[in-house]
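Residue numbers (the numbering used here): 9 to 236.
First the structure, in the form of structure tokens, and then the observations on it.
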């Protein structure tokens, strides 16, 4: 599942992780991304210690045998972790899906935690490139929140895994699959017991970031035209 930041990606991981037939993995390319960029994210040292720092090692793990041989191996990925040097050949062994969100909402949310995001930080170009290369079902976060049962059922049907009502609710608290960065970012998800209600309120994008929303919009629109 390829998503950009400031989306409902962790809630989606909770949803799939609630299935009895599923094992989830949380942002497996994060340590590689931090090592390659030198960025200082919260919990950087712990993240670097918790995962392989070579993308080739991550790719081998993600396409190899999974302990317990689960029917579904749900991989929560951030598209901005796909730096240009990451090969794409290994991805042909995976089934891809795409979680999108309107750029205005993403930028407004992102601006609260990082003042000057770039288009690459938001991951829209990388997400569209993956979609064009591999295809796969597209779901919009707004549609998930408006009607989780309907949207998840359609997503599961498209993936050929069968819908499980357990995906609609979960117990609060942390999960074993959560990355070591969870204490910095997952407080809201750890309090949750299901998807939040959809909020139709318009968002305010800082004037300095309006051009960024406009730059991201065509990438989002092409994906949104293909959403379930």
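Glycine is no exception: its CB is placed at the ideal position from the N, C-alpha and C atoms.
First and last residue of the beta strand (DSSP E) that includes residue 30?
Position 22 of the chain shown, counted from the first residue, corresponds to residue 30. Residues 30-34.
Alpha helix (DSSP H) runs contained entirely in the region 156-195, provided each spans 4 or more residues:
Qualifying alpha helix (DSSP H) stretches, in chain order: 156-167 and 190-193.
Three-pair Cβ contact test at 8 Å for the region 67-85 versus the region 42-53:
A contact between stretches requires three or more CB pairs, one per stretch, nearer than 8 Å, and the region 67-85 fails this requirement with the region 42-53.
Just the C-alpha distance for residue 108 and residue 48, rounded to the nearest angstrom, thanks.
Start at 1 with the first residue of the chain shown, and residue 108 comes out as number 100. Start at 1 with the first residue of the chain shown, and residue 48 comes out as number 40. When rounded, the separation of the alpha-carbon atoms in residue 108 and residue 48 is 26 Å.
Taking the alpha carbon of residue 38 as the reference point, which residue from 88, 228 and 132 has its own alpha carbon closest?
As a working note, residue 38 is residue 30 in the chain shown. Measuring from the Cα of residue 38, the nearest candidate turns out to be 88.
Using only alpha-carbon positions, find the residue among 46, 11, 151 and 126 that is nearest to residue 205.
In the chain shown, counting from the first residue as 1, residue 205 sits at position 197. Considering only alpha carbons, the answer is 151.
Can you give, in chain order, each stretch of the alpha helix (DSSP H) that sits fully within the region 54-102 and has at least 4 residues?
Here the runs fully enclosed are 63-71.
Nearest residue (CA-CA) to residue 232, options 217, 136, 176 and 100:
For the purposes of this step, residue 232 is identified with residue 224 of the chain shown, where counting begins at 1. With distances taken between Cα atoms, residue 232 lies closest to 136.
Assign residue 109 to one of three DSSP states: helix, strand, or coil.
Here residue 109 is taken as the residue at index 101 of the chain shown, counted from 1. Coil.
Please list the terminal residues of the continuous alpha helix (DSSP H) segment that includes residue 148.
Within the chain shown, the letter at position 140 stands for residue 148. Here residue 148 belongs to no alpha helix (DSSP H); instead the beta strand (DSSP E) covers 146-148.
Residue from 144, 199, 191 and 43 whose Cα sits closest to the Cα of residue 178:
Position 170 of the chain shown, counted from the first residue, corresponds to residue 178. Residue 178 has its Cα closest to that of 199, out of 144, 199, 191 and 43.
Closest Cα partner of residue 29 within the set 16, 23 and 80:
Position 21 of the chain shown, counted from the first residue, corresponds to residue 29. Checked all of 16, 23 and 80; the closest Cα to residue 29 is 80.
Would residue 157 be called buried (16 or more neighbouring beta carbons within 10 Å of its own) or exposed?
Locating residue 157 in the chain shown gives position 149, counting from the first residue. When all chains shown are included, residue 157 counts as exposed.
Consult DSSP for residue 154 and reduce its assignment to one of helix, strand or coil.
Translated into the one-based positions of the chain shown, residue 154 becomes position 146. Helix.
Going by the beta-carbon positions, is the gap between residue 16 and residue 149 smaller than 7 Å?
The sequence position of residue 16 within the chain shown is 8, counting from 1. The sequence position of residue 149 within the chain shown is 141, counting from 1. Yes; because the gap between Cβ atoms is below 7 Å, this pair is in contact.
Is it the case that the region 113-133 contacts the region 208-220, given that we only count it when at least three CB pairs across the two stretches are under 8 Å?
Short answer: they touch.
Look at residue 197 and residue 44 and say whether their C-beta atoms are less than 7 Å apart.
Position 189 of the chain shown, counted from the start, is the residue given in the question as residue 197. Position 36 of the chain shown, counted from the start, is the residue given in the question as residue 44. Going by C-beta atoms, residue 197 is not nearer than 7 Å to residue 44.
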